[in-house]
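Going by full-length UniProt numbering, 327 is the number at position 327 of the sequence shown; the sequence numbering is gapless. C-beta: ideal position from N, C-alpha, C; glycine also. This report refers to the structure that appears directly beneath it.
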Amino acid sequence: MANQLIRLDHKHISVVQLQMGEDRILETYINNLSEGAPNAIYGHLQDAGFLYVARMLGGTKLDPTLISALVERWRQETHTFHFPCGECTITLEDVSLQLGLPVDGEVVTGPVLSADWSSTCEQLLGKVPNKFKGSRIEMKWLEDNFKTIEASASDVEKEQFARAFILKLIGGLLMPDKSRNLVHLRWLLLLANLKEAGRLSWGSAVLATLYREMCRATQPEKAKIGGCMLLLQSWAWYRLPFLRPRVDLPYEFPLVIWWNNPARHSGTSTELEDIRLALDQQTEEEFVWMPYANPRIQECIPVKFLANRNIWHVKVPLIVFATVEMHESNRVMRQSGCMQRIPSSPQKLDDLHNIDLQGRLEEDWSSFTKIISRFGSVGTITYQRVNHFSHQSWLHLQITWIGSGIRASHIYCRL
């Protein structure tokens, strides 16, 4: 069964790295906001579902070495990290609480082209970029042209400023591509009506994009990774405390902004070999399965984010335009405080991983959501909650189920 599950070792960085001349450190990208959202657009950001995530101001730096070590543990077959203590992953719960984005809503999809981008920008942004790169515009143009908004601005101008601010969030923090300085205008089309945009599951779009980027980054020839690296890094710091910097201030919401505070990095591993070794030697007790159960964290979470927690635990395709990735929550039940049972085999998405927007820009990807029918019925998973885990019995179950899939990294030490 292990051979059936771990199918892609032959092209996975964790195996191929053995024959590579030197360790691979991925190039990561973040474009931190230098200015917060002006009060004048708060209402429009709330309508669109971006009010909380708009608090992600500059301050947090990415750790490419940590991110590279995590990607070495990521398995495209299961959309989970394989650690000595078992499988774990970034879920809709993490997106909801770390970023403050809506995860229950309609699919983020639709057309990706406009008949006239200049007219579209004039209408929706109130300004037209001096140049377009295909269907993308430069992030710097957004930063230069939407720094402040006049107190006397009309509601139309406030909406236009809000759309520009959301584009900066998407292109710089939430779903940046590997261009480092461009954002695609397909996102702008979805922001034409901000209240309708608020009915979309932006959180699942961010997670699908991150899954896709991590899957591709497991290929040894890849040098860069896109997607929400802040989410990946913050997820690791909350669950792997032996790798995180120390912050001695109260938690804030969304939880990712806690790392914007002054932090002490003394004693944390900074070399790839050291991080690999720390991950290899971690005990089950060192992995924090339910970090958000901490009462101090619970106190800062708005009630509305806890109202529909069942949505966090569905096994469902995550779709954003041409990207389809499975949310394999049934493989990580312990992250929900539940007993882990042997899960069904993961969906094979090899063919879907080859589909992207390149060469297919004229398609209306809203019809692509019919792909859901391929996966049969999906829904809320029934869990058995437990207050105590028997480590030995559970670990035996996990090893029986995964076999050699859970193993120490064989590349942490280079002679």
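*Determine which residues share a DSSP beta bridge with residue 323 and list them.*
For this step, residue 323 is matched to residue 323 along the sequence shown. The partner list for residue 323 (beta bridge, DSSP) reads 320.
*In terms of residues, what are the limits of the alpha helix (DSSP H) holding residue 268?*
Looking up residue 268 in the sequence shown gives position 268. Taken as a continuous stretch (DSSP letters only), residue 268 belongs to no alpha helix (DSSP H), as it is neither H nor E.
*Kindly identify the DSSP beta-bridge partner or partners of residue 86.*
Numbered from its first residue, the sequence shown carries residue 86 at position 86. The partner list for residue 86 (beta bridge, DSSP) reads 83.
*Would you report the Cα separation of residue 249 and residue 118, rounded to the nearest angstrom?*
Walking along the sequence shown from the start, residue 249 turns up at place 249. Walking along the sequence shown from the start, residue 118 turns up at place 118. Rounded to the nearest angstrom, the two C-alpha atoms are 46 Å apart.
*What does DSSP give as the partner residues of residue 133 in its beta bridges?*
Taking the sequence shown and counting its residues from 1, the one referred to as residue 133 is at position 133. For residue 133, which the question treats as bridged, DSSP gives the partners 136.
_Inter-residue Cα distance where the pair is residue 82 and residue 42_ = The residue labelled residue 82 in the question sits at position 82 within the sequence shown. The residue labelled residue 42 in the question sits at position 42 within the sequence shown. If you take the alpha carbons of residue 82 and residue 42, they lie about 40 Å apart.
*Enclosing beta strand (DSSP E) for residue 184 [first to last residue]*: Counting from one through the sequence shown, the residue named residue 184 turns up at place 184. Segment 182-184, the beta strand (DSSP E) holding residue 184.
*Compute the Euclidean distance between the alpha carbons of residue 123 and residue 160, then round it to the nearest angstrom.*
Numbered from its first residue, the sequence shown carries residue 123 at position 123. Numbered from its first residue, the sequence shown carries residue 160 at position 160. C-alpha separation (whole angstroms): 8 Å.
*Leaving out five residues on either side along the sequence, give the residues of the same chain with a beta carbon under 7 Å from the beta carbon of residue 222.*
Translated into the one-based positions of the sequence shown, residue 222 becomes position 222. These residues qualify, in order along the chain: 216.
*Buried or exposed: residue 246, going by 16 or more other Cβ atoms within 10 Å of its Cβ?*
Against the sequence shown, residue 246 aligns to sequence position 246. Result: exposed.
*Going by the beta-carbon positions, is the gap between residue 96 and residue 113 smaller than 9 Å?*
As a working mapping, residue 96 is identified with position 96 in the sequence shown. As a working mapping, residue 113 is identified with position 113 in the sequence shown. Cβ atoms of residue 96 and residue 113: not closer than 9 Å.
*Using three-state DSSP, classify residue 102 as helix, strand or coil.*
Start at 1 with the first residue of the sequence shown, and residue 102 comes out as number 102. It is coil, neither helix nor strand.
*Since I believe residue 147 is in contact with residue 27 (beta carbons under 8 Å), could you give me their beta-carbon distance rounded to a whole number of angstroms?*
Looking up residue 27 in the sequence shown gives position 27. Looking up residue 147 in the sequence shown gives position 147. About 28 Å separates the two Cβ atoms, so there is no contact after all.
*Given residue 101, which residues of its chain have a CB within under 7 Å of its CB, disregarding the five upstream and five downstream residues?*
Translated into positions along the sequence shown, residue 101 becomes position 101. The residues are 49, 53, 95, 202, 203, 206.
*Rounded to whole angstroms, how far is the Cβ of residue 39 from the Cβ of residue 58, which I believe are closer than 8 Å?*
For this step, residue 39 is matched to residue 39 along the sequence shown. For this step, residue 58 is matched to residue 58 along the sequence shown. Actually they do not touch by this definition, with Cβ atoms about 19 Å apart.
*Between residue 305 and residue 137, what straight-line distance do the alpha-carbon atoms span, to the nearest angstrom?*
Residue mapping note: residue 305 aligns to position 305 of the sequence shown, counting from 1. Residue mapping note: residue 137 aligns to position 137 of the sequence shown, counting from 1. The alpha-carbon atoms of residue 305 and residue 137 are separated by roughly 33 Å.
*Below 9 Å between beta carbons: does that hold for residue 173 and residue 25?*
Along the sequence shown, read from residue 1 onward, the residue named residue 173 stands at position 173. Along the sequence shown, read from residue 1 onward, the residue named residue 25 stands at position 25. No; because the gap between Cβ atoms is not below 9 Å, this pair is not in contact.
*By Cβ distance, which residues of its chain are closer than 6 Å to residue 75, with the 5 residues on each side in sequence left out?*
The residue you call residue 75 lines up with position 75 of the sequence shown. Only 82 meet the Cβ criterion.
_Which residue wins for smallest C-alpha separation from residue 210, given the options 197, 193, 228?_
Locating residue 210 in the sequence shown gives position 210, counting from the first residue. The shortest C-alpha separation from residue 210 is found at 228.
*Can you give me the start and stop residues for the alpha helix (DSSP H) that residue 340 sits inside?*
By one-based count along the sequence shown, residue 340 stands at place 340. Careful: residue 340 lies outside any alpha helix (DSSP H) and carries neither H nor E.
*asked:* Quick check: residue 189 and residue 89, are their CB atoms within less than 9 Å of each other?
replied: Position 189 of the sequence shown holds residue 189. Position 89 of the sequence shown holds residue 89. No. Outside cutoff.
*List the DSSP bridge partners of residue 57.*
Here residue 57 refers to the residue found at position 57 of the sequence shown. Residue 57 pairs with 33.
_Contact between the stretch 150-164 and the stretch 301-315 is defined here as three or more beta-carbon pairs at a separation below 8 Å; is this criterion met?_
no
*Can you round the beta-carbon distance between residue 212 and residue 323 to whole angstroms, since I take them to be within the 8 Å contact cut?*
The sequence position of residue 212 within the sequence shown is 212, counting from 1. The sequence position of residue 323 within the sequence shown is 323, counting from 1. Contact holds; Cβ gap of about 5 Å.
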